[in-house]
Amino acid sequence: MLWRFTVFALIHLLLALLGWWLGGLAGVLGGVIAASVGWFLIDLFRGTRVLIWLRDGSAADAPRMHGLWGEVSDRARRAFRLREQGVRDADARLQEFLAAIQASPIGVVLLDEEGRIEWCNAIGALQFGFETDRDLGQHIGNLVRDPAFTAYFTGGEFDHDITMPGRQSTAKMPVRLSVHLHPYGQGRKLLLSRDVTALEQAEVMRRDFVANVSHEIRTPLTVLAGFVETLRDLPLSGEERARYLELMDRQTQRMQTLVNDLLTLSRLEGSPSPGMTNWLTVTELMHNCEQEGSALSRLLYPPDGQAISFEVLCNCEIAGVRNELISALSNLVSNAVRYTPAGGRIVVTWSAAAGGQAVFSVTDSGPGIAPEHHARLTERFYRVDSSRSRETGGTGLGLAIVKHVAQRHGAQLEIESSPGRGSRFSIVFPASRVRCGAPQGATQAGQLPKVETTSTAFS
Ligand code: ADP
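Counting from 1, position 149 in the sequence shown corresponds to residue 148 in numbering that gives the first Met the number 0; the numbering is continuous, with no gaps.
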């Protein structure tokens, strides 16, 4: 300010001296007036430049000048810069925040006071079937017409969520959404949606599973309770007692088998994938199957059992878990034995297949299975012939275990079967798990009736 005053005074003094030199006392007055008018005009010009820039300029094109107006514009420019930087930072934070909401697996829709869509993320658009270009600004009630949602939205009680079908839901592929509205700000609403299809399916499966297990256990328990009552209340002969105890033993074994199968399934679900370091010889696995299969056949069809043959057609090794593989292979052999009537034929083979794969297959001349059952055979507790299954000690879990073991070893369970023509159950092991030597022996599969096929593969 002092500098400005000094310059102001100097200019006036100089022009007054010039006026005095040119015209005496009147010249002094003229010089002072000229200095004042000049000063005013220059000041007005500089102030106007700053004002114009302040009105619509940005920090980048601030007028460059000295003096008071220079300092005013310089300070204003710095304030502009700070504000622009603040706006840029806030914008970057907003973009990051929106990107995070976009990446969220939850659908997010922002509604204004009237219920019109202000913004939504990609998942929200997908779940409700919005097209962001077209539907922003539309009332949510016009786009989401599910009656449960309409009642929820208009009811105004948002302390709970509701479940409704998603836009992509079809009869074959249902999609269920859990939807929750959260009021915020001045009458605005945040709509959150979550895909709960898998959860609902898991809940249905859990309920079915508990019902099935209870049903399986209740029958032998009821029988056992009846026998216990009989033994306690009735005077029985030694022979009758022995017979009842024998029947009770059969029921406890049934429950034992069921519990063992359930434990096997839960172990399969909970344990890590089989590694590639443990190599098992096919002959040893086949030997196990042979012992168990032949023993079961003799037990069910005494004295000779059925005609069962075991053939190893390739000298292979398989990478996998011994107990799991034995359990899967024996399940297929035991099914063939249990469902094939006396006098029937069963052929169990290990053979090499195209591309280095190895195939374990069990072919029987049993009753066969109609094609409509094939897709469901590996479901837990699914039975085609329930009475035969229970009579022979089946739990309805055998093929579920086989499928699980096959999956864990990267193998496929293939089923070829039709009524009256027998069945062939095969496990096809991937080349990566197979180490093969020279082929062995000749096939005897020609001895069996060729199975007419409808084929289902379970990976
Ligand atoms: P289960 O313990 O009842 O045998 P599985 O899961 O092993 O249960 O088999 C499911 C159903 O598939 C059986 O109940 C049976 O009806 C049918 N099944 C399985 N293997 C054969 C077969 N070799 N021949 C005919 N039916 C079979």
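Even for Gly, the Cβ is constructed at its ideal location relative to N, Cα and C.
Using C-beta distances below 7 Å, list every residue in its chain close to Thr-339, excluding the 5 sequence neighbours before and after it, in chain order.
Excluding sequence neighbours, Thr-339 sits near Gln-305, Ile-345, Asp-363, Ser-364 and Gly-365.
Nearest-angstrom Cα distance between Leu-180 and Phe-152?
Roughly 8 Å between the two C-alpha positions.
Can you tell me which of the three DSSP states Arg-144 falls into?
In this structure, Arg-144 counts as coil in the three-state DSSP scheme.
Within the chosen definition, does the stretch 315-323 reach the stretch 369-386 through at least 3 CB pairs nearer than 8 Å?
Verdict: no, contact absent.
Under 7 Å Cβ to Cβ from His-459, same chain only, skipping five residues before and after it: list those, please.
With the chain covering 0 to 458 only, the question about residue 459 has no answer from this structure.
Give me, in chain order, the residues of the same chain whose beta-carbon lies closer than 7 Å to that of Ala-441; leave out the 5 immediate sequence neighbours on both sides.
With a pLDDT of 39 at Ala-441, under the threshold of 50, the modelled position of this residue cannot be trusted, and the question is left open.
For the 8 Å Cβ check, are there 3 or more pairs between the stretch 91-104 and the stretch 76-83?
Taking 8 Å as the limit for Cβ pairs, the verdict is that the stretch 76-83 does not touch the stretch 91-104.
For the ligand ADP, is there a heavy atom less than 7 Å away from the beta-carbon of Ile-325?
No - the ligand ADP has no heavy atom lying nearer than 7 Å to the Cβ of Ile-325.
Quick check: the Cα distance between Arg-297 and Asp-303, rounded to an integer number of angstroms?
Computed Cα separation, rounded: 6 Å.
With burial defined as no fewer than 16 other Cβ atoms inside 10 Å of the residue's Cβ, what is the status of Ile-51: buried or exposed?
Burial call: exposed.
What is the DSSP secondary structure of Thr-455, reduced to helix, strand or coil?
Any answer about Thr-455 is weak, because its pLDDT of 45 lies below 50 and its placement is not dependable; what the coordinates show is given next. The answer is strand: DSSP assigns Thr-455 an E or B state.
Using a 10 Å radius around the Cβ and a threshold of 16 neighbouring Cβ atoms, would you call Lys-171 buried or exposed?
It is exposed - the Cβ of Lys-171 has fewer than 16 other Cβ atoms within 10 Å.
Under 8 Å, do His-11 and Val-27 count as touching if we go by C-beta distance?
Going by C-beta atoms, His-11 is not nearer than 8 Å to Val-27.
Ordered along the chain, which non-local residues of its own chain (more than five positions away) have a Cβ less than 7 Å from that of Thr-149?
These residues qualify, in order along the chain: Gly-140.
In chain order, which alpha helix (DSSP H) runs of at least 4 residues are fully inside the stretch 146-208?
Whole alpha helix (DSSP H) segments, 4+ residues: 146-154.
Tell me Leu-396's beta-bridge partners as DSSP assigns them.
Its beta-bridge partners do not exist; DSSP assigns none.
Check each candidate in Arg-379, Pro-164 and Leu-412 and name the one with the smallest Cα separation from Arg-205.
It is Arg-379 whose Cα lies nearest to the Cα of Arg-205.
Among residues of its own chain, excluding the 5 on either side of Gln-250, which ones have a beta-carbon nearer than 7 Å to its beta-carbon?
Excluding positions up to five away in sequence, the list reads Pro-219, Val-222 and Leu-223.
Tell me, please, which residues DSSP counts as bridged to Gln-411.
Its beta-bridge partners are Val-427.
Scan the stretch 288-343 and note each continuous beta strand (DSSP E) run of 3 residues or more that stays entirely inside, going in chain order.
Segments of the beta strand (DSSP E) lying fully in the stretch 288-343: 306-311 and 313-318.
Measuring only from the beta carbon, is Val-320 closer than 7 Å to any heavy atom that is part of the ligand ADP?
No, since every heavy atom of the ligand ADP falls outside the 7 Å radius drawn around the Cβ of Val-320.
Apart from the five residues just before and just after Gly-66, which ones in its own chain have a Cβ nearer than 7 Å to its Cβ?
Excluding sequence neighbours, Gly-66 sits near Arg-3.
Can you tell me whether Trp-20 is buried or exposed, with buried defined as 16 or more other CB within 10 angstroms of its CB?
Exposed is the call here.
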